[in-house]
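**Q** Residue numbers (UniProt numbering): 1 to 227.
C-beta atoms are modelled at their ideal positions from N, C-alpha and C, and glycine is treated no differently.
(1) Looking at residue 21: is its Cβ nearer than 8 Å to the Cβ of residue 12?
(2) How should residue 258 be labelled, buried or exposed, when 16 other C-beta atoms within 10 angstroms of its C-beta is the threshold for buried?
(3) Going by the DSSP bridge assignment, what does residue 186 pair with across the sheet?
(4) Which residue wins for smallest C-alpha separation from residue 62, given the options 9, 181, 163?
(5) Could you compute how far the alpha carbon of residue 153 sits from the alpha carbon of residue 135?
(6) Using 8 Å as the threshold, is the C-beta distance between residue 38 and residue 48 below it?
(7) Which same chain residues end up closer than 8 Å to residue 6 when comparing Cβ atoms and leaving out the 5 residues on each side of it in sequence?
(8) By the 10 Å Cβ neighbour count, where 16 or more other Cβ atoms means buried, how is residue 43 classified, buried or exposed?
(9) From the DSSP secondary-structure annotation, give me the bridge partner or partners of residue 72.
(10) Given a cut-off of 8 Å on the beta-carbon distance, is the pair residue 109 and residue 133 in contact?
(11) Do residue 51 and residue 28 have their beta-carbon atoms positioned less than 8 Å apart in this structure?
(12) Taking 8 Å as the cut-off, decide whether the C-beta atoms of residue 46 and residue 221 are in contact.
(13) Rounded to a whole number of angstroms, what is the C-alpha to C-alpha distance between residue 105 and residue 19?
(14) The alpha helix (DSSP H) spanning residue 122 covers which residue range?
(15) Express the C-alpha separation of residue 128 and residue 183 in angstroms, rounding to a whole number.
(16) With DSSP as the reference, please indicate the residues paired to residue 93 in a beta bridge.
(17) In angstroms with no decimal places, state the Cα-to-Cα distance between residue 255 and residue 226.
(18) Please state whether DSSP places residue 180 in a helix, a strand or coil.
(19) Please go through the same chain and pick out, in chain order, the residues whose beta-carbon is closer than 8 Å to the beta-carbon of residue 224, but skip the five residues on each side of it.
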């Protein structure tokens, strides 16, 4: 029986604007098991990205609970959530969010360097391995401004994977790429997921990417809907 990596129970998220409260997510539950690939699809404004932020500990739910590897995640303070994210989660966004002043190697190594007692030689070795796996061994010293869009996204993928997370979360990881590059990125994601036995939760508008998942969840107005 597969281990449950992520367990979200009755999640709701509201935002207040003056006297008005907007319910973005309404009483959603979700489980992701070890090695499982789940995609979330829905129109813009349906609450997909907000849900991903709550599940990944970047924001807290208004109500409900989030468990990561059996540990209650949402109730932790910001520093504690940051530590858990660094240990167990990898994130890839539509826009790479690489640090422009650092090289590809330094960007990828950063999550491991933030850990206490990090061994620089080991960190460098692991970062180099991931960059080689994504086809960028010849770009180690290049900064983001010297890379193409597809190359920057591959660096972001390597950075998300360098800590060998139990779960990768991706928000429109191919949304800012041309079709040919997007397919290459997806093939690489699939290959690395299998290599690391990693669960994957992806928000996407890409129908091909969505339908390749083990399960497709459709979201509308903050709730799951049947298709």
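**A** The short version:
(1) no
(2) In the structure displayed, the chain extends from 1 to 227; residue 258 sits before or after that span and is not available.
(3) Answer is none; residue 186 lacks a bridge partner.
(4) 9
(5) 12 Å
(6) no
(7) 30, 31, 32, 55, 66, 67, 68, 167, 199, 201
(8) Residue 43 should be labelled exposed.
(9) 67
(10) no
(11) Yes.
(12) yes
(13) So the alpha carbons of these two residues sit roughly 47 Å apart.
(14) 120-133
(15) 23 Å
(16) Residue 93 is bridged to 171.
(17) Any property of residue 255 remains undetermined from this structure, which presents the chain solely from 1 to 227.
(18) helix
(19) 28, 217, 218
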